[in-house]
Amino acid sequence: MTSKLQTGIITLVSSAVLAGGGAALAGPAAQATERSGDRVAAVPDPGVTKSVGNGKCTYTKWGGTFLCKSQVRHKLPNGHWQVFVIGTNKQAYSRWSSPGGGVSRWTSLGGQCIKPGQRSIDMAWSNGWNFAITCIGVNNKRYYSERFTGGTTGGKNGHWSKWRLNKY
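Heads up: the sequence shown runs through residues -19 to -1, 1 to 149, numbered per mature numbering (1 follows the signal peptide of the UniProt record, and there is no 0).
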């Protein structure tokens, strides 16, 4: 069965819809669940980026439509991938695979990122499941958002901080 899902400005096309329940966390937590219709068959690698015209690209295996040269792939501690892109509405988006068998839906991390191709979206640092991404905002200043792991990291496991002026 083929289904088409519009998530914000990113369009996903999946060829296998799996049953699921709950809401996806805004991070790659292994226990993350996705809403029914938002998951596709497990694909450990997002594939390569392919131009779809007008400065927009897609991942060959995970889909989505985003600004070309705005993607970052990050290998998670469990061996799976998480990707970050700038959507066509200039918001940061993420998608990840998980050992539970599936790929998350595209999740907006908010923000307004500009200058794709100039490392606008990038990794600031990584320490296991706790890491931060950066993006160049519309005022040409770099901002960061941190993925929390609970405990002393400042937030609930799998959740993201608000965008803050970059200190890294």
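Just so you know, even glycine gets a beta-carbon here, dropped at the ideal spot from N, CA and C.
Values in this document were obtained by computation on a predicted structure and should not be read as measured data.
What does DSSP give as the partner residues of G138 in its beta bridges? The sequence given here places Asn at residue 138; Gly does not occur at that position. None; N138 has no bridge partner.
What are the boundary residues of the beta strand (DSSP E) that T46 is part of? G44 to L48
Since Q63 is in the beta strand (DSSP E), which residue starts that stretch and which ends it? W62 to I67
Can you tell me the Cα-Cα spacing of K50 and V33, whole angstroms? 13 Å
Where G131 sits in the DSSP three-state scheme: coil
Take the Cβ of P58 as the centre, count every other Cβ of all protein chains shown within 10 Å, and call the residue buried at 16 or more, exposed below. exposed
Please state whether DSSP places N147 in a helix, a strand or coil. coil
Taking Cβ positions, are G91 and W43 nearer each other than 8 Å? no
Taking C-beta to C-beta, are F47 and V66 nearer than 8 Å? yes
Secondary structure of G82, DSSP reduced to three states: coil
Compute the Euclidean distance between the alpha carbons of W77 and Q63, then round it to the nearest angstrom. 4 Å
Give me the residue from R100, G83 and S79 with the minimum Cα distance to A73. R100
Would you please state the rounded distance, in angstroms, between the beta carbons of S85 and H61? I believe it to be under 8 Å. Rounded, the Cβ-Cβ distance is 10 Å, inconsistent with contact.
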